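K.L.:
Here this note's numbering is used: position 122 in the sequence shown is 119, and no number is missing along the way. No residue lacks a Cβ here, since even glycine has one placed at the ideal position from N, Cα and C. Note that the structure is predicted; figures quoted are calculated from it, not measured.
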Amino acid sequence: MSETDLVLERILDAPRDIVWTALTTPEHIRKWWAPRPYQTPEFELDLRPGGRFYNKMTGPDGFEAVGNGCVLDVTEGERLVWTSALGPGWRPNDLGPEGCGALAFTAIMTLADAGEGKTLYRAVAMHRNPADAETHSKMGFHDGWGTCADQLGEVAAELAR
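1. Flag this pair as yes or no: are the beta carbons of His133 and Leu100 separated by less than 8 Å?
2. Just to confirm the assignment: which complete beta strand (DSSP E) runs, minimum length 3, are found wholly within the stretch 72 to 129?
3. Give the DSSP bridge partners of Leu156, in chain order.
4. Can you tell me where the alpha helix (DSSP H) with Arg49 in it begins and where it stops?
5. Out of Gly150, Gly47 and Met123, which one is the CA nearest neighbour of Lys28?
6. Counting C-beta neighbours from all protein chains within 10 Å, is the total for Pro12 16 or more, i.e. buried, or is it exposed?
7. With distances taken between CB atoms, is the gap from Gly74 to Trp17 smaller than 8 Å?
8. Taking Cβ to Cβ, would you say Met54 is nearer than 8 Å to Leu77?
9. Can you give the Cα-Cα distance for Glu156 and Thr1, rounded to whole angstroms?
10. Within 10 angstroms of its Cβ, does Lys115 collect 16 or more other Cβ (buried), or is it exposed?
11. Have a look at Arg49 and Thr72 and give me their C-alpha separation to the nearest angstrom.
12. Considering just the uninterrupted stretch of the beta strand (DSSP E) at Asp2, what are its terminal residues?
13. Out of curiosity, what's the CA-to-CA distance linking Arg88 and Glu113?
14. Can you find the residues in the same chain that come closer than 8 Å, C-beta to C-beta, to Gly96, ignoring five residues on each side of it along the sequence?
15. With burial defined as no fewer than 16 other Cβ atoms inside 10 Å of the residue's Cβ, what is the status of Asn126: buried or exposed?
16. As a quick exercise: from Met123, Val152, Leu117 and Tyr51, pick the residue whose alpha carbon is nearest that of Leu42.
17. Here's the rule: buried if 16 or more other CB atoms are within 10 angstroms of the residue's CB, otherwise exposed. What is Ile26?
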């Protein structure tokens, strides 16, 4: 990793195939994508390179954010890579609120067996320069993405029951 990367890891209490389902199925993603009490009323994922990665988050304080990205790589059950720098079909993204919000990054989400029916979830947010990584960190990357990873674990554990 470099000074342009932010990294988060969690051990989730569910098998990898179930975590993958929770990670890649919009009906489940909407339950964990935004840190509570924020919500994700809209989520679209076209799980193929060039596919759409779209989400809309809302908050009780009137907060609203839209992310429109592009899936770069998918390894079934193991790895999902997407970016906010591109929109669907590999088109360069607008830097406005309907695009990447001027903070372009690429996310690599990986899953690995952790033994005893558990999964190692790892998320890496790669930025174009250290300043962008610092901005993302100060926006609350570790707390926000950490809370969402914990919520992903809750959804996956519920699916595993």
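P.N.:
Put simply:
1. Here residue 133 refers to the residue found at position 136 of the sequence shown. Here residue 100 refers to the residue found at position 103 of the sequence shown. Result yes, Cβ atoms of His133 and Leu100 sit closer than 8 Å.
2. Here the runs fully enclosed are 76 to 80, 102 to 112 and 115 to 124.
3. The count along the sequence shown starts at 1 and reaches residue 156 at position 159. Leu156 is not bridged to any residue.
4. Position 52 of the sequence shown holds residue 49. Segment Arg49 to Thr55 is the beta strand (DSSP E) holding Arg49; no alpha helix (DSSP H) there.
5. Reading the sequence shown from its first residue, position 31 is the one you call residue 28. That would be Gly150, whose Cα lies nearest to the Cα of Lys28.
6. By 1-based counting over the sequence shown, the position of residue 12 is 15. Buried.
7. The residue given as residue 74 occupies position 77 in the sequence shown. The residue given as residue 17 occupies position 20 in the sequence shown. Trp17 is positioned such that its CB atom lies closer than 8 Å to that of Gly74.
8. On the sequence shown, position 57 is the one that residue 54 refers to. On the sequence shown, position 80 is the one that residue 77 refers to. No, Cβ-Cβ distance for Met54 and Leu77 is not below 8 Å.
9. If you number the sequence shown from 1, residue 156 lands on position 159. If you number the sequence shown from 1, residue 1 lands on position 4. A small fix is needed here, since residue 156 is Leu in this sequence, not Glu. Leu156 and Thr1: Cα-Cα distance of roughly 35 Å.
10. As a working note, residue 115 is residue 118 in the sequence shown. Around the C-beta of Lys115, 16 or more other C-beta atoms lie within 10 Å, and the residue is accordingly described as buried.
11. Walking along the sequence shown from the start, residue 49 turns up at place 52. Walking along the sequence shown from the start, residue 72 turns up at place 75. Taking the straight line from one Cα to the other gives about 16 Å.
12. One-based indexing of the sequence shown puts residue 2 at position 5. Asp2 to Leu9 is the extent of the beta strand (DSSP E) around Asp2.
13. Mapped onto the sequence shown, residue 88 falls at position 91. Mapped onto the sequence shown, residue 113 falls at position 116. Straight-line Cα distance between these residues: approximately 42 Å.
14. Within the sequence shown, residue 96 is the residue found at index 99, counting from 1. Model confidence at Gly96 stands at a pLDDT of 49, short of 50, so the residue's coordinates are unreliable and nothing is read from them.
15. For the purposes of this step, residue 126 is taken as residue 129 along the sequence shown, with counting starting at 1. Asn126 comes out exposed.
16. Sequence index remark: in the sequence shown, residue 42 carries index 45 (1-based). When only C-alpha atoms are compared, the closest one is Tyr51.
17. Within the sequence shown, residue 26 is the residue found at index 29, counting from 1. Buried, by the Cβ-count rule.
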